[in-house]
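>
2 protein chains.
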Amino acid sequence: MPPTSETLTAERILATTEEVLRRHGPAKATVVDVARALGVSHGSVYRHFRTKAELRGAVTKRWLDRMFESLSGVVDAEDLDPEARLRAWFEGLFAAKRRKAGDDPELFATFSVLAAESGGVVGEHIADLTGQLTRIVQAGVDAGSFTAADPATTARALFHATARFHDPGYAREWERPGVEGELEAVVDLLVRGLRVRG
Amino acid sequence: MPPTSETLTAERILATTEEVLRRHGPAKATVVDVARALGVSHGSVYRHFRTKAELRGAVTKRWLDRMFESLSGVVDAEDLDPEARLRAWFEGLFAAKRRKAGDDPELFATFSVLAAESGGVVGEHIADLTGQLTRIVQAGVDAGSFTAADPATTARALFHATARFHDPGYAREWERPGVEGELEAVVDLLVRGLRVRG
DNA sequence: CAGCTGACAGATTTCAATATCTGTCATTCC
DNA sequence: GGAATGACAGATATTGAAATCTGTCAGCTG
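Just so you know, the sequences run in chain order A and B.
Sequential numbering from -13 applies to the first sequence in my numbering.
Sequential numbering from -13 applies to the second sequence in my numbering.
Written as structure tokens, this is what we have:
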């Protein structure tokens, strides 16, 4: 990290923290390390983030948000019917997670630790994702192709039912051959359950 | 544990090991502790189990088998139609897990650690459970009420889709109010997906 | 002689002293 | 005067020496 003399912003601190985490891992990355990498005293970091936990939470949020930028585009894809949207959404979610986990397992493990300790941030992130699912389900109900008494409840059920394919705790199973087929089998069942009876 | 002078059997060692694990936890329960509790030298324990890992695996298997004795009865319950059998089976699985986790969280945590380190034993156990599911699905297909191209694949999908409600990694979420409803929402979707189209 | 013992080597864990870190704040700097 | 510093107290982590554990095996015991 360049000890540039630019003004110290929250964003610069976050970027540097991510870099320090990448190099040292979650257990050994300290606030002092971050300050050193920035060429400032650690007191200055505490001016922008009240605690180490808050700093880590902010980095986690940044990382989660970046990981799923692309996903929200599917939600309102007018060129896909609701069922195709649902399938594409789960495919995209799984692909993004698996790519992150496969490309750099250490970094993924680091962020899994951060996510586990930042309950609130993860909760909001999950609420965001189930919100997207709710909109897809609602679109299906509106179009007359899905049955769902309460789209929000159904969305949560869909999310829970696919946990194995997005919860980082299962990451080591995502590399096994056949996982894609397993996700497809689950999504098939769920989509069938969603369709209005013919 | 009574240092009785009965013959040293594998079964006595297993029972004592479970007791030692209950008292000391997974990290501090040693083979020497088990031998001490039995009033024998630790060399004698190694006569019945080649390694500590093998001993722990055997205890884990015993524990898993005991936990789900009751469950297999549902599989061939002739008085229930396949859909009811499926619902009862998942209800029973979740109830058994949640009771264990809630009644004695420490012991449950202990066995979760053991399960995580005894991959093979857990694999067989899961194979047994999905086998039971396969038979229920097959019964449904035979009765003309379920659609399933490959019952075994479908059974695994059902198992994966409900992971949140039986994987010990999620145990702390099982106490939250509303979980039962969440499981029901997932099972409802899955059952609907299984039914032959009207 | 089948079953058990206990001493042993190498690996792992414990424990307590030492070093580092977190979070605060009076003081310094621009 | 707003931003940054660095010394400080209490909490946490590291380290290395001592203790314990795992797995083996030659020999004891009933």
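Think of the CB as a built atom: it goes at the ideal place given N, C-alpha and C, for glycine as much as any other residue.
Note that the structure is predicted; figures quoted are calculated from it, not measured.
Between the stretch 79 to 91 of chain B and the stretch 145 to 165 of chain B, can you find at least three pairs of beta-carbon atoms closer than 8 Å?
The stretch 145 to 165 of chain B is in contact with the stretch 79 to 91 of chain B.
> Assuming A:A140 and A:V182 form a contact by the criterion Cβ under 8 Å, report the distance between their Cβ atoms to the nearest whole angstrom.
Along the first sequence, read from residue 1 onward, the residue named residue 140 of chain A stands at position 154. Along the first sequence, read from residue 1 onward, the residue named residue 182 of chain A stands at position 196. For the sequence presented, residue 140 of chain A should be read as Thr rather than Ala. The Cβ separation is near 13 Å, so there is no contact.
> Closest Cβ-Cβ distance between B:H168 and chain A: below 8 Å?
Locating residue 168 of chain B in the second sequence gives position 182, where the first residue counts as 1. Just to set this straight, residue 168 of chain B is Glu in the shown sequence, not His. At least one chain A Cβ lies under 8 Å of B:E168.
> Can you tell me which residues form a DSSP beta bridge with A:F132?
Position 146 of the first sequence, counting from 1, holds the residue named residue 132 of chain A. A:F132 pairs with A:R181.
> Starting from A:G78, trace the alpha helix (DSSP H) both ways and give me its first and last residue.
In the first sequence, the residue the question calls residue 78 of chain A occupies position 92. It spans 68 to 89 - the alpha helix (DSSP H) in which A:G78 sits, taken as one unbroken run.
> Taking the alpha helix (DSSP H) that B:A157 falls in, what are its first and last residues?
As a first step, residue 157 of chain B is located in the second sequence; it is residue number 171 there, counting from the start. Neither: B:A157 is in no alpha helix (DSSP H) and is coded neither H nor E.
> Please list, in chain order, the chain B residues whose beta carbon lies closer than 7 Å to that of A:G179.
Counting from one through the first sequence, the residue named residue 179 of chain A turns up at place 193. Residues of chain B passing the Cβ test: L175, L176, R178, G179.
> Check the Cβ of A:R210 against every Cβ in chain B and list those closer than 8 Å, keeping chain order.
The displayed coordinates of chain A run from -13 to 184. Any statement about residue 210 of chain A would go beyond what the structure contains.
> Which chain A residues are close to B:R183, counting only those with a beta carbon under 8 Å from its beta carbon?
Here residue 183 of chain B refers to the residue found at position 197 of the second sequence. The answer, in chain order, is R183, G184.
> Taking CB distances under 8 Å as the criterion, tell me whether A:V108 reaches chain B.
As a position in the first sequence, residue 108 of chain A is number 122, starting the count at 1. No, A:V108 lies away from the interface with chain B (no Cβ there is under 8 Å from its Cβ).
> State the DSSP-derived secondary structure class of B:G164, mapped to helix, strand or coil.
The sequence position of residue 164 of chain B within the second sequence is 178, counting from 1. DSSP places B:G164 in coil when its eight states are reduced to three.
> Using the C-alpha atoms, what's the distance from A:D51 back to A:V20?
As a working note, residue 20 of chain A is residue 34 in the first sequence. As a working note, residue 51 of chain A is residue 65 in the first sequence. About 22 Å.
> For chain B, check one thing: does any of its Cβ atoms lie closer than 8 Å to the Cβ of A:V45?
Stepping through the first sequence from its first residue, residue 45 of chain A is reached at position 59. Closer than 8 Å: no.
> Are the beta-carbon atoms of A:V165 and A:T148 separated by less than 8 Å?
Taking the first sequence and counting its residues from 1, one reaches residue 165 of chain A at position 179. Taking the first sequence and counting its residues from 1, one reaches residue 148 of chain A at position 162. It is not a contact, given that the beta carbons lie outside the stated cut-off.
> Out of curiosity, what's the CA-to-CA distance linking A:A143 and A:D174?
Indexing the first sequence from 1 puts residue 143 of chain A at position 157. Indexing the first sequence from 1 puts residue 174 of chain A at position 188. Cα to Cα, A:A143 sits roughly 14 Å from A:D174.
> Between B:G59 and the rest of its own chain, which residues show a CB-CB distance below 7 Å, the 5 nearest in sequence each way excluded?
Walking along the second sequence from the start, residue 59 of chain B turns up at place 73. So the list is empty, once near-sequence residues are dropped.
> Let me confirm a value: B:R33 is counted as buried when at least 16 other C-beta atoms fall within 10 Å, else exposed. Which label applies?
Along the second sequence, one-based indexing puts residue 33 of chain B at 47. Result: exposed.
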